[in-house]
Amino acid sequence: MAESRPDAGPGAQHHSEEAPRQRPSALEQAGGVRGLIYSALPVLAFVIGNNIGGLKTAIIAALALSVVIAAERLLRKESIMPAVGGVFGVAIAAGISWWTGSAKDYFLIGIWSNLAAALVFGISVLARRPLAGVLWNSMTGKGTAWQEDRRSRRDFSIATIVLTVIFAARFAVQQYLYEADEVGTLGTAKIIMGYPLLAVGLLAVAWAARASHRRLRAGDR
49 MAESRPDAGP GAQHHSEEAP RQRPSALEQA GGVRGLIYSA LPVLAFVIGN NIGGLKTAII
109 AALALSVVIA AERLLRKESI MPAVGGVFGV AIAAGISWWT GSAKDYFLIG IWSNLAAALV
169 FGISVLARRP LAGVLWNSMT GKGTAWQEDR RSRRDFSIAT IVLTVIFAAR FAVQQYLYEA
229 DEVGTLGTAK IIMGYPLLAV GLLAVAWAAR ASHRRLRAGD R
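First residue of the sequence shown: 49, per our numbering; consecutive thereafter.
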């Protein structure tokens, strides 16, 4: 006679169907790979438009494409912040370029923002409060225990230095191209030195965070 297996019941079935919710990754919060591509398209439109029809064409192309991208993201019910932020950023850059009458000034805010970021991140290391650790642990709710662990501060300092070098390299290269009036090459450099280099910096932060988490968890046992 075959044994009858007890029914797991609706509660167990409901429990098995529930999957643990995971925190969205930084890539997902930015709109995924699609979002990263979208961030580069207005720059391409500006450079191509400037080569074809001059500054006015470049500004119209960049603004129009940013609005189309924002509308498409909203129709896909994605987060509104990247969509609105993208249009706002392009509008500010285009406005500066239009006001000065120079296509290269479209990249001015981004260039000097990199210098500011390099200074802030670098100073945080000298102050022994590496910004990579401060931001990561604040965003993930890990608290400040990592600041009491010497190796955690060291690892987050390394990650912060990596980000500092990235920001400084962006500024140095793009400022050189800006001074040389190389608008096309400047646009290419902005794209290449954008998310690809940022990904390297985020990997360094992830490495430091994982190492710190393991040490702090082991210390609690």
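Glycine included, C-beta positions come from ideal geometry on N, C-alpha and C.
Taking 9 Å as the cut-off, the beta carbon of T148 is found no closer than this to the beta carbon of A180. Under the DSSP assignment, K238 falls in the alpha helix (DSSP H) whose first and last residues are V231 to I240. S200 and G232 have their C-alpha atoms some 42 Å from each other.
Nearest to V91 by C-alpha distance, out of I214, G143, S186 and Y154, is Y154.
T236 is the residue among G249, L250, T236 and V248 whose C-alpha sits nearest the C-alpha of I96. Residue nearest to A259 within the set R218, W194, G143 and V132 is W194 (criterion: CA-CA distance). Pairing A142 with A110 gives a Cβ-Cβ distance under 9 Å. One thing to note: A256 has its Cβ within 9 Å of the Cβ of I206. For the set R265, W184 and K152, the Cα lying nearest the Cα of A228 is the one of K152. DSSP places S161 within a helical segment (H, G or I) once states are collapsed to three. DSSP places Q223 in the uninterrupted alpha helix (DSSP H) bounded by R198 to E227. When secondary structure is reduced to three states using DSSP, R121 falls in the helix class.
Classified as exposed, P244 has fewer than 16 neighbouring CB atoms from the shown chains inside 10 Å of its CB. Leaving aside the five residues that flank T212 on each side, the residues in its chain whose CB is nearer than 6 Å to its CB run, in chain order, A166, F169 and G170.
Note on geometry: alpha-carbon atoms of G137 and P178 lie some 28 Å from one another.
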